[in-house]
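The structure appears below as structure tokens.
Residue numbers (the working numbering): 95 to 400.
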């Protein structure tokens, strides 16, 4: 082979490999090379199912292969013990940190914690006891709590007092295990009528509960809709925030698809020294494997804040 022809063919081959990468078997793969992220972004099951398949273990391995170092699963409580243990083993082997799961039944259309009803409070506390076992099984540190719907028959002061009392009792259950429930304020548009909506409200409640086991889940998507002013509000309640979740607005899809300047938000959070999980609680803006690659590339883009 002539030298010029060899060089040309070699350059073309190198270009192809740099764009696609190799799979473990040495064949060309369409998946991107593993990336090193500055923050612990946490995908969820189903986000990469077209690339990894339906099997939860395969999906965990896929997200680790892309460089993600955390994972969250709202539905972990409903999974079988066998699957929970298998997922925990895989996460440990792949150095994936477990993020939040939903700890209890959420009352979307009727009051529970705000009502002060003894039966509703006991039901909630029973869920927390069960969630402790699940958290230990999957090596989780955090669990999501949503206080439920407003009680329209009570003034806000009474409702707040009832919620605080329930959370104090739940904190007493969690503290011996070094576990933390994170309160998630939700926006009025997607979830009208809920008791907990704003970051300042969550901050007030956490200060009243006064426990390391009761902190804030600051969902950036929800708070962009509810109150905006993201960075100042994150700063104002920083000492009570234990967890973040992500989604752009409008659409609740990956960063770069909406109005939120996620690169600046992430830069601020990173500069504050945050070392926790950033839950990717959003959809994919585009379908199939192409859309999954777009999600990965979006996070590479907004993570480039250094």
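Glycine included, C-beta positions come from ideal geometry on N, C-alpha and C.
Let me check understanding here. Comparing Cα to Cα, which of the options lies closest to residue i?
i           : options               : result
residue 358 : 146, 344 and 324      : 324
residue 166 : 339, 159 and 200      : 339
residue 270 : 145, 258, 282 and 227 : 227
residue 172 : 183, 199 and 193      : 199
residue 210 : 224, 260, 274 and 367 : 260
residue 141 : 400, 384, 179 and 283 : 384
residue 272 : 245, 229 and 240      : 229
residue 208 : 146, 245 and 291      : 245
residue 128 : 148, 155, 138 and 312 : 155
residue 160 : 399, 265 and 131      : 131
residue 138 : 352, 369, 341 and 367 : 341
residue 268 : 257, 225, 369 and 150 : 225
residue 291 : 239, 336 and 266      : 239
residue 336 : 233, 194 and 315      : 194
residue 352 : 330, 315 and 360      : 315
residue 388 : 399, 145 and 343      : 145
residue 223 : 178, 188, 274 and 179 : 274
residue 202 : 134, 241, 297 and 362 : 241
residue 136 : 397, 374 and 380      : 374
residue 344 : 151, 191, 265 and 281 : 281
residue 289 : 396, 248 and 326      : 248
Buried or exposed for residue i, going by 16 or more other Cβ atoms inside 10 Å?
i           : result
residue 251 : exposed
residue 236 : buried
residue 403 : Residue 403 cannot be examined here, being either before or after the span of the chain that is shown, 95 to 400.
residue 376 : buried
residue 278 : buried
residue 220 : exposed
residue 334 : buried
residue 196 : buried
residue 212 : exposed
residue 120 : Confidence in residue 120 is poor, its pLDDT being 36 and thus under 50, which makes the residue's placement unreliable; the coordinate value appears in the next sentence. It counts as exposed.
residue 148 : exposed
residue 382 : exposed
residue 328 : buried
residue 386 : buried
residue 111 : In this predicted model, residue 111 has a pLDDT of only 34, less than 50, meaning its place in the structure is not dependable; the value taken from the coordinates is given anyway. By the 10 Å Cβ count, residue 111 comes out exposed.
residue 254 : buried
residue 216 : exposed
residue 303 : buried
residue 214 : buried
residue 293 : buried
residue 265 : buried
residue 400 : exposed
residue 396 : buried
residue 370 : buried
residue 164 : buried
residue 355 : exposed
residue 330 : exposed
Can you check DSSP and say which residues form a bridge with residue i?
i           : result
residue 373 : 136 and 339
residue 165 : 192
Would you say the beta carbon of residue i is closer than 7 Å to some non-hydrogen atom of the ligand SAM?
i           : result
residue 299 : This structure does not include the ligand SAM; it has no bound ligands of any sort.
Whole alpha helix (DSSP H) runs in the stretch 250-334 with 4 or more residues, listed along the chain?
-> 250-268, 293-303, 314-320 and 324-330
At what residue ranges does the stretch 190-248 contain a whole run of the beta strand (DSSP E), taking only runs of 3 or more?
-> 236-239
Can at least three beta-carbon pairs, one atom from the stretch 179-187 and one from the stretch 385-399, be found at a separation below 8 Å?
-> no
Given 8 Å as the limit, is there contact between the stretch 283-291 and the stretch 300-309, that is, 3 or more CB pairs closer than that?
-> no
Could you tell me which uninterrupted beta strand (DSSP E) segments, each at least 3 residues in length, are contained entirely in the stretch 124-158, listed from first to last along the chain?
-> 134-136
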